[in-house]
Amino acid sequence: MRTRRLTTAAAALTGAALILSACSGGGNEGGGDGTGEVQPLTIHANSANTYQRNFNPFSASVLHGARGYIYEPLVASSPQMDEPVPWLAESVEFNDDGTMMTYTLRDGVTWSDGEDFTAEDVAFTFNLFVDEPATNLAALDVVEARATDDLTVEIDFSEPMFAFEHAVGNTLIVPEHIWADVEDPMEDTNEDPVGTGPFLLEDFSQQLYTMTKNEDYWAADEVQVEQLRYPANTDQTFTTSLQSGEIDWSGGFVANVEDIFVAQDPDNRGYWYPGGGLVSLTPNTQEAPFDDPQLREALSLAMDREQISEVAMQGYTPPAHPTGLPMPAYESSLSAEYADAAYSRDVEAANDLLDEAGYEMGADGVRTTPDGEPMSYPLEIPSDWVDWVTISQLLVEQFAEVGIEITPQGVSFDSWVETRNSGSFDLTISATAIGQSPFDMYRSMMSSEYASDGAVRQNFSRFYDDAADAALDDYAATADEAEQQAALDTLEQIFVEELPLVPMIQSPNWFQYNTEHWEGFPNEDDPYAFGAPFQNPDIMIVLRHLTPAQ
Amino acid sequence: MKYLLRKVALYAFIAWSAITLNFLIPRLMPGDPVTLLVERMEGRIEPEAMAAIAESYGITDDPLHVQYWTYLGNLFQGDLGLSIGFHPTPVAEIVMGALPWTLGLVGITTIISFVIGTGLGVVLAWRRGSWSDHALPTLTFLNAVPYFWMALILVLVFSVNLGVFPVAGAYDVNIDRAWSWEFVSSVLYYGTLPAITIVIASFAGWVLNMRNMTVTVLGEDFVTLAEAKGLPKRMVLVNYAARNAILPSVTGFALALGAVVGGSMLTEVIFNYPGVGYTLFQAVQNHDFPLMQGLFLIISLAVIVANLLADIVYIFLDPRTRAEA
Amino acid sequence: MTAIETEPASPTAEVVLEARDLVKDFAGRRRGLRRERMRAVDQVSLQLRRGEVTALVGQSGSGKSTVGRLLAQLLPPTSGQILLHGTPVAATSGRAFIRYTGAVQMTLQDPFASLNPVHRVDHVLGRALAIHGRARGRDQVHEQSLALLEKVELTPPERYLHRFPHELSGGERQRISFARALAAQPQVLLADEPVSMLDVTIRKEMLDLLDSLRRSENLAVLYITHDLGSARAYSSRTLVMYHGVVVERGSSAAVIDDPQHEYTRRLLAAAPNPRRRLAG
Amino acid sequence: MRLRSWLPTSGKVLAGLVIVVVFALVAIVGPMVAQYGPRASGPEVLAPPSAAHWFGTTQTGQDVFAQFVYGARVSLAVGVFAGVVSQVVSIVVGVIGGYFRGLVDDGMYILTAVFLVMPGMPLLIVLTGYLPSRGMISVAVVIAITSWAGSARVLRAQTMSLRRRDFVEAARATGESRVRIIVSEIMPNALPLIASGFLFSVITGILSEAGLSFLGLGSLTSTSWGTMLYFAQNAQAFLIGAWWWFVPPGLAIAIIGAGLALINFGIDEYANPRLRTGKSRAKSAPAPLAAATAEEPHSPVPDQEPQIRPGGSQADPVIEVAGLTVDYDTAEGRVHAVKDVSLTVRRGELLGLAGESGSGKSTLTNTITRLLRPPAEVTGGSVTYHRRGTGAQQEPVDLLHLPADELRRFRWTELSIVFQSAMNALNPVMRISAQFDDVLRVHRPQMRPAARLELARTMLTRVGIDPERVSAYPHELSGGMKQRVAIAIALVCDPDVIVMDEPTTALDLLVQREVLDQVMALQEEFGFAIIFTTHDLSLLLEVSDTIAVMQQGRLVEYGAAMDVYTDPRHPYTQTLLRSLSDLGALV
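Protein chains in written order, with our numbering: chain E, 5 to 554; chain P, 2 to 326; chain G, -6 to 273; chain Y, -7 to 579.
Structural data, given as structure tokens:
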């Protein structure tokens, strides 16, 4: 868990405390779990010592499986997927200015308690975001939603939603006949969930919960898995369970994954760590000297991303792409100019650039700024994030070669968040989530809409640029893909040239699989979705690909 | 009686201090749970939603003393708030889920190690000057071994290499949780290695303590007189020496409960044992303020109650305290 | 309460230290909200004269040691006055206290306990000299320390200067205690049971020493003891205390040879004495 | 020779010191020897120990040896720093509270109690969890905050006991200031405790740092043994068998912890000689002997032959001591505590054993009662016991060679003991009845419980105590009553001989007289013999039939009490009597 935090906040999202792991006990060997037919699918999505019964899809600590396997979205879309997949909705239309969306729903879907799924449920869910803002996890600017008939729902927004189609589509729908009576949707643990999904909660204990297939599921034919098992495992036990083959599907950091995991059964076992986010050296661009793009450029040139990738990340995750976009997920969004771009280290160029910009090298090997300040900066990082600690040590060595002194300081996570959000830093490290689209990522790294006198919630380097804002607005105001790509091209160029952040490495989407019982997992050769079992809505797609092993 | 009242008053004060400290620490330290929660949600939350979340977590801008009274009021209703890490599960529920495991594992092993330790301590004291003195360096070494390191080594040897014991957990998750022999034996089987770790790492301290106390008491006139009375050795040792030497250990035992709950924390973490220690560890890692506070409070109160019980037991063990009353 | 005045003293020598109606209460057990008061010393008056030994006799718990501590100003009295040369003094701390100790010194009962085991003899004497400014500089302190040791008949003094208390016998330690008290060049010496912890042969030497010091230094001595016999032998006046009250006072010979108070008589009767057997 | 005298005599302390010094050297010199920086990554990943990397390498190719030696620095520094801070706090709180008492102390006491009771590790973890900066210094401070209370409590108790000691009172009477008294009089005496508390805090500090770091709550940007374990654990070093990574730091913590604990042992033994083991125990001379060696220069040396005359009784002998010599092994060599002593105790007789401290009278009675402890050893002579009655039973018993079980049967039924201080001779946690009862259960197994209780009540009545007090605890009785109870217990099996070791010394004059009268009356009634030791010769002269005077281990005079009184023949006896007379005791 400690290591994974660096990578996908999605793991932490659903409760950093939760873990799942697997032990398929002796009773399950050779014949199944009592049905006598099919092996259960044992999943480790997150480390947890014990589970607390919580299947509320709005809760940050909801148990894995609730989202996707019990509650389903209107349209499933993920950066790693080529096309959005219609799910509870069959189609969607925008009005001209993009402020109203009309969904046409799938017919014949029922809730697991037998009630029909209707447009009223969808309208209720979106109206809930208005009534209970805390449930509005995607921050959608909903004004009102209404069912115009059983299968049609209209949703009004206060802004054009062209750029947020995926976010709206991924909204999980809850049944009105149950949630209307819930007094406080954020404080309900929803112990016996009723959803439209392929699975029903079967059994819950603090160490293990299981889900069994919903035979009345609207697409029951597409799902071959009969039972899901989520045993509780901590980091330690996860690795040993993984090693002993008790887990079919997992998403967690495993040191020496080749030796510990794959080597035991190379035919069945594998891992795939596609880029799922970005880890950057984050300068405070509102304060001297890091308001100087040349200095940021020099840092970028001086940085040895290969070494960081190899040493800190054991080579599991590649250096960042100069556009900052995770690969291969956003490969198709690259402008032609940057399609083949890659970083290479050039210490000499970095030194020249710094000399040129007036940062004079001192006798002690440390430069001074034009203001005469020695270029020595503390680098605060959460003290228990091992990979960042290692990265910071490497940066010390790398930047020393260009006369910039870095002093890593381990602080508590809270303290780091505080410093980062309030801008009281010169340099720090931050992570950017992959979001729903490249637009999402750039918005969170360059938009001035996050500017604030106090703490900011995004754009931690406080990079404010009119051109970037204009490009973001252009993107959001159109449904035309070509126009959107043009805006993206602009954003990519600004990002590459201005370096609002200094990208270091991609953060991986941790995913290991064992095809002893089930096969069909995505991998490098067949990257149809992210593989991590905590990744939504990708898990729904993965599930449909799984077939019993031969 | 007065002795007891004084003790009760002292412990009441300590309990109040713990409660107040518990209230103050998170408020004096940096970090804001809502920001941290939003951090987990990848910051996709709008400001108004943040306000709503803050409200749902009971975080307000009220002056400190108002918050304090609310806090006390809630506390007396058994309301420790909602966990952040397991939101919206109530803290009390999580604590109650974890407590039995710790009480079972740590409680039993502490008693075992106390019994073994004091027993051995008496024997070593009685036989001092002989081969038994050579056991002392070994015991000091055992006493200094970090719990968690010992646990790791034991896991490595017995679980990973030999496969004699399960690596972790409290029971086989494939067994139904019921009062069946199958379940109980699984709990015992899974608890064996953690228990062994705790006992090995903690019994040496008791031995050393008890040996020193017994040796000191053995020099007292009444022990010499007991011997001069022609009483059998065992009687002298048990009724005269050990009976008096154990008195300081009783208080120590109660105090140690606190240390053991803490010390066993690392053991619980390593063995993935679903007890209070591991839950506290998780709470700290998740920056789960309410859970942290709740756990710390429960542990403190448990230790305070244990101390009070020890003092009551002491009254029975040492008639002199009754005179002080 | 007035004590039986066996025989009025002949007030010849100058009164150095005087106690008037000293009362000392100690906090006792708590009873409900009230704390019980224990009166350890009740209306005790006495006078110490230059060059004279006054004995204060009583059993343990009689309050005689408390009187000593009150006179040394180690404890504040609950009421009553202490007069040094006729001037009331109340100084249990600070400079006034140090000045007072320059005139009034006290030695304690247990020679094994009254010297700090971690300090050598030279440190003990050096401190006492330094506090009262009786010697300056290392040489002077050294010289004075040797003189003090000689005064208490520890010869050759060099032999004792660098010893630790545990390297000394009980009698030697008590002599060091006397030397420490003399370092202040006091006018009054309060000797609390100076010999009760010592062997019989040493007791005599010690009391002889005390007596010779009284003469040579012209000291007013308060000899606190439970032993009527030695009071008779070494003091000119004796006061008998019982339960905090002086029950009998007068010249030692009169008090002990012809006791008037019932308590004094009982004490005398209880003292072991083989004569009784001879007679019986 | 000079150097050796500085080395600690205890092997444990020596071992502990060696360990600590070695680790201190590792921490100081190690980083100079290490070829790599502790954080420098290298190409060789997870390499086992080799010539290039003495302790192998880590996951990221860092040199484990370098980490180990730099880690030693940090771990020890945190431990020592936490130890210093915690000790300073506990000294301030403990010593000041203990010395000044009153409100200051009440406040400090409650503060201590709060921190003592509050569970340390959880508090530590919670505090660290909130700690904004995870530097090693802040970690050390937090460790100190949670660990000072135990030491403060001990120091307070010690200070309270020290401030009541006479030397503190004496220093005050000399005119010493309070600050100086605390610093110069009290603190040096609390030094063993402070040192021991310091060592303990250092151990706690090192262990806590390791624990915190291992949980990821420490400062991972510094290299300590704890962070090494954390990184090793994180990289699953256990599963891949990289033992060289996690064994050194854990083992080092355990070894240095043991080293410090061993030194602590030495301090404990220094402060409490009873705890000593093996050789060091033998070398510590017991108290009576220490007094004997610090001879009074003024005492006459027993150069003259012992003066032996017939005793005051003509009855049959009960105990005969012949040519008894008892030696002690001390650091300075063998010392005769009792030398060639012969005397006889007769039936119904009161034998007074007189002698000043160090005269050997306690050693003599301890030999007779077989309570002699090493390093004392009987090197010559015999002690013979003559049973009552006739025939085969009259076979004399060789007391010194009585087998264990026979000795146990002999004890209390034939010979019982009354100790000097009854406060210590009665078990404080047992009722008086129980202390009668266990003797009777063992020696009169046929007696029923009710009969045993009845006998206890009877015995109490005999010594003039209300039989209802049989259910009292010792602390509920006054000193005189306790001594009477002790005498009653000594009488319960109707022994032939009672050894009374200074039975009245601790009592006030009037009480002493009452107890004495009681003893005499009981002797009259039961006819047991008494060996009565005391330094109070005048008392002995009054009550004894026969008197034995001892000086420096020798018997110098023996004879009927009145003979000794009226016609002392040995110069020492004469000196004693003269002193008594001068002191007004024989008037």
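Even for Gly, the Cβ is constructed at its ideal location relative to N, Cα and C.
As the structure is a computational prediction, the values presented were derived from the model and not from experiment.
Item                                                                                                                               : Value
Sequence ranges, beta strand (DSSP E) only - wholly within the region 458 to 534 of chain Y, length at least 3                     : 489 to 493 and 521 to 526
Residue 453(E) versus residue 380(E): straight-line alpha-carbon distance, rounded                                                 : 31 Å
8 Å Cβ cut-off: residues of chain E touching residue 116(P)                                                                        : Here the premise fails: no neighbours, minimum Cβ distance about 29 Å.
Environment of residue 14(P) [buried if 16+ CB atoms lie within 10 Å]                                                              : exposed
Contact list for residue 414(E) against chain Y, beta-carbon separation under 9 Å                                                  : 125, 126, 127, 210, 211, 212, 213 and 214
Own chain, CB closer than 8 Å to residue 118(P), minus 5 neighbours either side, in chain order                                    : 203, 204, 205, 206, 207, 208, 210 and 211
Residue 413(E) - DSSP class collapsed to helix/strand/coil                                                                         : strand
Under the three-state DSSP convention, the category residue 386(E) falls into                                                      : strand
Cut-off 7 Å between Cβ atoms - residues of its own chain near residue 183(P), not counting five sequence neighbours on either side : 176
Residue burial classification, residue 343(E) (beta-carbon count within 10 angstroms, cutoff 16)                                   : exposed
Cβ-based burial, residue 8(P) [other Cβ within 10 Å; buried from 16]                                                               : buried
Alpha-carbon spacing of residue 549(E) relative to residue 77(E), whole angstroms                                                  : 18 Å
Whole-angstrom C-beta distance between residue 238(E) and residue 2(E), which should lie under 8 Å                                 : A question about residue 2(E) goes unanswered here, because the residues of chain E that appear run from 5 up to 554.
Option nearest residue 31(Y) by Cα separation, candidates 396(E), 486(E) and 553(E)                                                : 396(E)
Residues near residue 573(Y) by beta carbon distance below 6 Å, same chain, minus five either side                                 : none
Host beta strand (DSSP E) of residue 432(E) (start-end)                                                                            : 431 to 437
Residue burial classification, residue 225(Y) (beta-carbon count within 10 angstroms, cutoff 16)                                   : buried
Member of 482(Y), 178(Y), 556(Y) and 352(Y) whose CA lies at the smallest distance from the CA of residue 111(G)                   : 178(Y)
CB contact check: residue 172(G) to chain Y, cutoff 9 Å                                                                            : no
CB contact below 9 Å: residue 206(E) versus chain Y                                                                                : no
Three-state secondary structure (DSSP) of residue 195(G)                                                                           : helix
Counterpart residues of residue 328(Y) in DSSP-defined beta bridges                                                                : 319(Y)
Closer than 7 Å at the beta carbon, the chain E residues around residue 279(P)                                                     : 53
Inter-residue Cα distance where the pair is residue 108(E) and residue 313(E)                                                      : 46 Å
First through last residue of the alpha helix (DSSP H) which encompasses residue 217(E)                                            : Here residue 217(E) belongs to no alpha helix (DSSP H); instead the beta strand (DSSP E) covers 212 to 217.
Inter-residue Cα distance where the pair is residue 73(G) and residue 337(Y)                                                       : 57 Å
Cβ pair residue 470(Y), residue 448(Y) closer than 9 Å                                                                             : no
Beta-bridge partners of residue 403(Y), as assigned by DSSP                                                                        : 407(Y)
Cross-strand partners of residue 8(Y) (DSSP beta bridge)                                                                           : Partner(s): none; residue 8(Y) has no beta bridge.
Distance, residue 315(E) Cα to residue 394(E) Cα                                                                                   : 8 Å
Neighbour flag for residue 102(P) against chain Y, beta carbons, 9 Å                                                               : no
CB contact flag (residue 163(P), residue 194(P), <9 Å)                                                                             : no
C-beta atoms of residue 278(E) and residue 534(E) nearer than 9 Å                                                                  : yes
Residue 228(Y) vs residue 241(E) beta-carbon contact at 9 Å                                                                        : no
Extent of the continuous beta strand (DSSP E) to which residue 472(E) belongs                                                      : That residue, residue 472(E), is in no beta strand (DSSP E); its alpha helix (DSSP H) goes 470 to 480.
Minimum Cβ-Cβ distance from residue 477(E) to chain Y less than 9 Å                                                                : no
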